[in-house]
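A.B. asks: Encoded as structure tokens, here's the structure I'll be asking about.
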Amino acid sequence: MRPVEMRFTVPVQAPPEVVWAAATDWARQGEWMLGTEVHPVGDAAGPGGRLIAVTGFGGLGFVDRMEIVEWVPPRSCRVKHVGELVVGAGGFDVVRCGNAASTFVWWERLTLPTGAALVWPVVRPAFAWGMRRSLAAFAQFCREYDRRGK
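For the sequence shown, my numbering begins at 1481 and goes up steadily by one.
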């Protein structure tokens, strides 16, 4: 099966440095990403860093293991999904839009297992809705983000 590609963007009223800090505050990602908890494994602040995300609702979900492969603060982070269910690449970019504004771009390029690939056309609209909702929450999270709150 061809990889599934997704790209979502959201304008953020915060400078790139704040957006980057908020996006890489892995332990707080569950505050804005719908149905997801992220757990850094050791120091997850650069290439070789590892993350474990648990995504789901109502007791059903999956584990997504990732390795950070690119780290360019405050512009881009790339991960390699290395789990049993989720395999592929993903990441985010932060684009400066003036002194106190940014565009946050979230993208994924995943190869789905056969069963998931069969239901993907049905699931995709709900997934896209969830991502749009999550990124709107992320934009608000960035506006209120205080690095001292880490």
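Even glycine gets a Cβ: it sits at the ideal position worked out from N, Cα and C.
Here the structure is a predicted model, which is why all the values come from computation and not from measurement.
By DSSP's criteria, Met1611 is part of a beta bridge. Which residues make up the other side?
C.D. replies: As a position in the sequence shown, residue 1611 is number 131, starting the count at 1. According to DSSP, which records beta bridges pairwise, Met1611 is partnered with nothing at all.
A.B. asks: Is Arg1623 buried or exposed, if buried means 16 or more other CB atoms sit within 10 Å of its CB?
C.D. replies: Position 143 of the sequence shown, counted from the first residue, corresponds to residue 1623. When all chains shown are included, Arg1623 counts as exposed.
A.B. asks: Could you give the residue range of the beta strand (DSSP E) that holds Ile1586?
C.D. replies: Here residue 1586 corresponds to residue number 106 of the sequence shown, with the count starting at 1. It should be noted that the sequence gives Trp, not Ile, for residue 1586. Element bounds for Trp1586: Ser1582 to Thr1591.
A.B. asks: For Ala1533, does the count of other Cβ atoms within 10 angstroms reach 16, so buried, or fall short, so exposed?
C.D. replies: Translated into positions along the sequence shown, residue 1533 becomes position 53. Its Cβ being crowded by 16 or more others within 10 Å, Ala1533 is buried.
A.B. asks: Using only alpha-carbon positions, find the residue among Pro1553, Arg1555 and Gly1570 that is nearest to His1561.
C.D. replies: As a first step, residue 1561 is located in the sequence shown; it is residue number 81 there, counting from the start. Nearest of Pro1553, Arg1555 and Gly1570 to His1561, Cα basis: Gly1570.
A.B. asks: Please classify Asp1544 as buried or exposed, where buried requires at least 16 other C-beta atoms within 10 Å of its C-beta.
C.D. replies: Numbered from its first residue, the sequence shown carries residue 1544 at position 64. With 16 or more other Cβ atoms within 10 Å, it is buried.
A.B. asks: Determine the extent of the alpha helix (DSSP H) in which Ala1502 is found, giving its start and end residues.
C.D. replies: For the purposes of this step, residue 1502 is identified with residue 22 of the sequence shown, where counting begins at 1. Segment Pro1496 to Ala1503, the alpha helix (DSSP H) holding Ala1502.
A.B. asks: Would Val1484 and Phe1618 be called neighbours here (beta carbons separated by less than 8 Å)?
C.D. replies: Locating residue 1484 in the sequence shown gives position 4, counting from the first residue. Locating residue 1618 in the sequence shown gives position 138, counting from the first residue. In this structure, Phe1618 does not lie closer than 8 Å to Val1484 by Cβ.
A.B. asks: In chain order, what residues of the same chain lie with their CB nearer than 7 Å to the CB of Ser1582, ignoring the 5 residues before and after it?
C.D. replies: To locate residue 1582, count along the sequence shown from 1; it is residue 102. Counting only Cβ-Cβ distances below 7 Å, and skipping sequence neighbours, we find Val1492, Ala1494, Pro1495, Pro1496, Val1499, Val1574, Val1575 and Arg1576.
A.B. asks: Under a three-way DSSP split, which group does Leu1540 fall into?
C.D. replies: To locate residue 1540, count along the sequence shown from 1; it is residue 60. Here Leu1540 sits in strand by DSSP.
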